[in-house]
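Position one of the sequence shown corresponds to residue 1 (full-length UniProt numbering), numbered consecutively onward.
The beta carbon of each residue, even a glycine, is placed where N, CA and C say it ideally should be.
Computed from a predicted model, the values in this text were never measured in an experiment.
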Amino acid sequence: MSKIRFDALTESHKRTPITIEEKGKRSELFAKNVFNDEKMLQYLSREAYKKVKDAIFSGKKIDRKIADQVAEGMKAWALSMGATHYTHWFQPLTGATAEKHDAFFDLLPDGRAMEKFGGSQLVQQEPDASSFPSGGIRNTFEARGYTAWDPTSPAFIYKTTLCIPTIFVAYTGEALDNKAPLLRALHAVDEAATAVAQYFDKNVRKVYATLGWEQEYFLLDKALAKSRPDLLMTGRTLVGNAAAKDQQLDDHYFGVIHSRVLSFMSDLEKQCTQLGIPVKTRHNEVAPNQFELAPVYEEANLSVDHNLLLMDLMEEIGDKHGFVVLFHEKPFAGLNGSGKHNNWSLATDTGVNLLSPGSTPMKNLQFLTFFVNTIKAVDTYEELLRSSIASAGNDHRLGANEAPPAILSIFVGKQLASVLDELEGVSQGKLSPEEKTELKLNVVGKIPEILLDNTDRNRTSPFAFTGNKFEMRGVGSQMNCAKPMTVLNTIVAKQLTDFKKEVDALIDKKNLKKDEAVFNVLREYIKTSKRIRFDGDGYSVDWEKEAKKRKLSNNKNTPDALRVLATKEVVKLFGDMGVMSEVELNAHREVELGAYVFHIQIEGRVLGEMVNNYVVPAVVKYQNQLLQNVQGFKEVYGAGHKKLVGPQLDILQKMTRHLDEVKKQTDAMIEARKKANALTDITKKAEAYCNEVRPFFESIRYHVDRLERLVADEHWPFTKYRELLFVK
Ligand code: ADP
Ligand code: MG
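Encoded structure:
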């Protein structure tokens, strides 16, 4: 057996769970390391506290004097917690988080040492931005960018560092990160939704988007995972013959959590709790060694930060427990991949979930307004929403052999579908008193507070209404949720803005009452957005045909999916909503395409190396063994040996055939890569990688996996699926 595989197995067998003590209640640990409201009250003057709260509520700027006071309070708290450093914590377009630590420690001119941290350090920093992707926004001669404090996401202490959530922008002001566009989209949806919510309740002053993600992941033994070049370099297996048993017995899903995994989870949850991440649910997922973690939902910007922080924590704590955490969307062929459902809703500052049906007809009309507008927004911008979840990793799920499909559609359930059908029949213009009563009592009035479909949900739908929120299911497990959340909130903001204009026009020009105007506009939306509603099996071939008839997009790979970002409509939408300028949008698209190219390129290189430096030598070694054996027979039995070495010759022949294919295809793949690399246009390059390079991966893999079946186990160089997935 290859030494690395053998050593890894030996090491993995020796591991035992680390004991994690659970002392005291989780609620007592909660947000211990966060500079939240409670700490602000304690460490800030009344004036500073009020100014920060105002800034959080209204997005107003915090002046220098107050920033100095806040910094002073934050420093006092951080030092009392044992922090020695601070950092601006940001989300460059790499998809990961970034930080650069500075010590509080400083020297005064007279040589004395002290801890320093002022308003200017809190508010703005200039990390060297030249090595972060910028999609051409930054020329090398103007490489500077800066990070700026986001007071809506509280600072926290991780280990001994005070982390300050920030946005990251170029000196010219363009966003170089995922947070700045998200904050702008959240601002847009706040403005638009508040205006509409005020039709129903004048007291509403702010609307928050809420997000509850569900993080799926795999845990593999560290030694085993690191023994494979593909897992180490790409986060997924590029080859690997299926284990005899995987998920067919359904014996993993919701099963008893293995003790080593449970220790990891407890450790992780404790740290999350102290950092204010409200983790709640943990369970085994469908595939062996696959798990899920979900928190209580929060305001979307905070929730995104918490998801990123969680992923960082998971890697670190996983390592401590002897695990590698796989966030890749498809680490194993033939097994379920991982996603990150994004549960989304809108909530008012008065505490109302705008997507939750209520107990009165008025509340239900409000619910229907936001419900139908969301449907309409997704219908209008389905292709754009699809683009927000495009990535090399997610291509293995969307539109490939796994749920959910690359076609966006919305599941609303039978009950709400029948309500929408009835509303379609509302009269044009003014409504008679009878019709109004009928609508209020028998249509709107009948929406139950708890929807039955909440339990009877359609698991194949990429965008499902689940009783009091929409669940976006196509998000990839390693993605930054900021991307889909930016698009979803932008399109809903746009839709609600249009809705308000239309309703106001009917009230002003046609003299309709408010509720009549709302019914009239909703009726048209229901009629014109029907194609996006689909309650059937989203995985079926029939749906693909039907969706085509309905002119819904079906972009199965990243280069196709991203094309929509260059269209006039999308540029205008982001511009009108103040979310991204054309320059920013182009830059973001280029960065996405670039990342796609790099991912496929790295996979191609690793696969080439695995074939040439591992598979070929292993096969040759086994061939030699067999040939020697045949030679031995010949020496002993002479001409009669042929009858005796049938199996050996058969195996030799099969191996030679597969090896021949593997070699030919790998050489061809390398050629295709060379051609793709010569292209300078990033769109064309991504297309070449997608259509000319990537297809070789599958065919090479097919033959390598056949060889794995033939070659003696002791010669096989890669840790096998059986070992990766079942050694606990
Ligand atoms: P499940 O769908 O797993 O049966 P729930 O419906 O309770 O369970 O919640 C699933 C996820 O949806 C959780 O992560 C939860 O935080 C989130 N969620 C619940 N309500 C909302 C909401 N109003 N806005 C956003 N996310 C929500
Ligand atoms: Mg799930």
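Could you work out which residue in Met577, Leu607, Asp560 is closest to Lys685 when comparing CA atoms only?
Sorting Met577, Leu607, Asp560 by C-alpha distance to the C-alpha of Lys685 places Asp560 at the top.
Please classify Gln248 as buried or exposed, where buried requires at least 16 other C-beta atoms within 10 Å of its C-beta.
Taking all protein chains shown into account, Gln248 has fewer than 16 neighbouring C-beta atoms within 10 Å of its C-beta and is therefore exposed.
Other residues of its chain near Asp54: CB distance less than 7 Å, five sequence neighbours each side excluded
For Asp54, where only same-chain residues beyond five positions count, the Cβ hits under 7 Å are Lys60.
Exposure of Lys3, with buried meaning 16 or more beta-carbon neighbours within 10 Å:
Exposed, because fewer than 16 other Cβ atoms sit within 10 Å of the Cβ of Lys3.
Would the beta-carbon of Trp149 fall within 8 Å of that of Val169?
It is not a contact, given that the beta carbons lie outside the stated cut-off.
Among Val619, Ala672, Val256, which has the Cα closest to the Cα of Leu710?
The shortest Cα separation from Leu710 among Val619, Ala672, Val256 belongs to Val619.
What would DSSP say about Arg459, mapped onto helix, strand or coil?
In the structure shown, Arg459 sits in coil (DSSP, three-state: anything other than H, G, I, E or B).
When we look at the beta-carbon of Thr19 and count the other beta-carbons within 10 Å, is it buried (16 or more) or exposed?
Under the 10 Å beta carbon count, Thr19 is surrounded by fewer than 16 other beta carbons and is classified as exposed.
What does DSSP give as the partner residues of Gly136 in its beta bridges?
Per DSSP, Gly136 has no beta-bridge partner at all.
Bridge-paired residues (DSSP) for Leu724
Its beta-bridge partners do not exist; DSSP assigns none.
Residues near Lys222 by beta carbon distance below 7 Å, same chain, minus five either side:
Taken in chain order, the residues that qualify are Asp319, Gly322, Phe323, Val324.
Which of helix, strand or coil DSSP assigns to Gln415
Note: Gln415 maps to helix in three-state DSSP.
Give every residue of the same chain whose Cβ lies closer than 8 Å to the Cβ of Ser359, excluding the five residues on either side of it in the sequence, and list them in chain order.
These residues qualify, in order along the chain: Glu449.
Are the CB atoms of Ala287 and Asp246 nearer to each other than 8 Å?
If you check the CB distance, Ala287 and Asp246 come in under 8 Å.
In the DSSP output, which residue or residues are listed as bridge partners for Ile600?
According to DSSP, which records beta bridges pairwise, Ile600 is partnered with nothing at all.
Count the other C-beta atoms from every protein chain shown that fall within 10 angstroms of the C-beta of Leu268, then say buried if there are 16 or more, exposed otherwise.
The residue is buried, with at least 16 neighbouring Cβ atoms inside 10 Å.
Taking C-alpha atoms, which residue in Ala712, Asn301, Lys494, Lys530 lies nearest to Asp576?
For Asp576, the nearest C-alpha among the options comes from Lys494.
One or two residues paired with Val325 in a DSSP bridge:
According to DSSP, Val325 bridges with Leu219.
CA-to-CA distance, Phe90 to Thr147, given in whole angstroms:
A direct Cα-to-Cα measurement between Thr147 and Phe90 gives close to 7 Å.
What first and last residue would you give for the alpha helix (DSSP H) that runs through Met485?
Segment 482-509, the alpha helix (DSSP H) holding Met485.
Look at Leu93 and Val444 and say whether their C-beta atoms are less than 8 Å apart.
The answer is no: Cβ separation not under 8 Å.
Simplified DSSP state of Ser356, which is helix, strand or coil:
In the structure shown, the three-state DSSP call for Ser356 is coil.
Span of the alpha helix (DSSP H), counted from its first residue to its last, around residue 751
Absent from the model: residue 751. The displayed extent of the chain is 1 to 728, so no value can be given.
Would the region 384-401 count as touching the region 543-557 if we require 3 or more Cβ pairs under 8 Å?
By the Cβ rule, the region 384-401 counts as touching the region 543-557, because three or more pairs are nearer than 8 Å.
Just reading off the beta strand (DSSP E) that Trp543 is part of, what are its end residues?
For Trp543, no beta strand (DSSP E) encloses it; the enclosing alpha helix (DSSP H) starts and ends at 541-549.
Find out if the Cβ-Cβ distance for the pair Glu99, Thr84 is shorter than 8 Å.
In this structure, Thr84 does not lie closer than 8 Å to Glu99 by Cβ.
Between Asp349 and chain D, is any beta-carbon pair separated by less than 8 Å?
No chain D appears in this structure, which consists of one protein chain only.
Quick check: is any heavy atom of ligand 4 less than 7 Å from the C-beta of Gly318?
Ligands present in the displayed structure are limited to ligand 1 and ligand 2, and ligand 4 is not among them.
Look up Phe141 in the DSSP assignment and say whether it is helix, strand or coil.
Any reading at Phe141 must be qualified, since the residue scores a pLDDT of 49, below 50, and its modelled position is unreliable; no value is offered.
Could you tell me if Gln628 is buried or exposed, where buried requires 16 or more neighbouring beta carbons within 10 angstroms of its beta carbon?
Classification of Gln628: exposed, given that the 10 Å Cβ count is below 16.
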